[in-house]
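So the structure is just underneath, and the comments pick up after that.
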């Protein structure tokens with residue numbers, strides 16, 4: 226079950242079954258939200274991408290690692306996303322003005338949730354095979 230709780234000024238904590246998925250930060254720019262994660266989402270220190278993703282972006286996407294590349298590609302599948310900046314524990318999103326966060330945030334959180342579950346599943350599997 227998705228739980229949303231205030232987490233200080235301009236912050237909202239998103240949990241699923243008591244696992245922290247992300248903290249959403251609202252900033253002065255109403256078209257920007259920052260998603261802070263407790264798990265690594267990128268192998269690159271910082272990269273930015275703009276709609277539409279093109280073949281020229283492939284090299285930089287690959288530098289993000291498998292998780293970061295999947296995250297950016299899936300985020301840009303969402304209508305209304307114009308820019309994304311990614312670091313190992315943060316995803317900053319810029320939306321087009323005609324779109325609202327009430328519809329965009331849940332879609333982004335769902336992607337982060339799926340990535341978290343994949344990482345947890347891999348960690349459990351890896352521990353199992355190492356034991």
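In the working numbering, the protein residues as written are 226 to 356.
Where is the CB? At the ideal position from N, CA and C, for every residue including glycine.
Remember, predicted model here, so these are calculated numbers, not experimental data.
- Comparing alpha carbon positions, the residue from 324, 235 and 294 closest to residue 265 is 294.
- Scanning 341, 330 and 269 for the CA closest to the CA of residue 237 turns up 330.
- Here residue 331 carries a helix assignment [DSSP, helix/strand/coil].
- Here residue 299 is not near residue 239, since their CB atoms are 7 Å or more apart.
- In this structure, DSSP gives residue 308 an extended state, which the three-state scheme calls strand.
- A buried status is given to residue 246, since no fewer than 16 other beta-carbon atoms sit within 10 Å of its beta-carbon.
- In terms of Cβ geometry, residue 319 and residue 327 do not form a close pair [threshold 7 Å].
- Within 10 angstroms of the beta-carbon of residue 317 lie 16 or more other beta-carbons, which makes it buried.
- Within the DSSP secondary-structure output, residue 240 pairs in a beta bridge with 228 and 245.
- The C-beta distance from residue 256 to residue 312 rounds to 19 Å, too long to fall under 8 Å, and the pair is not in contact.
- At a Cβ-Cβ threshold of 7 Å, residue 268 and residue 289 count as neighbours.
- Secondary-structure assignment with DSSP links residue 317 through a beta bridge to 259 and 310.
- With a threshold of 16 other beta carbon atoms within 10 Å, residue 262 meets it and is buried.
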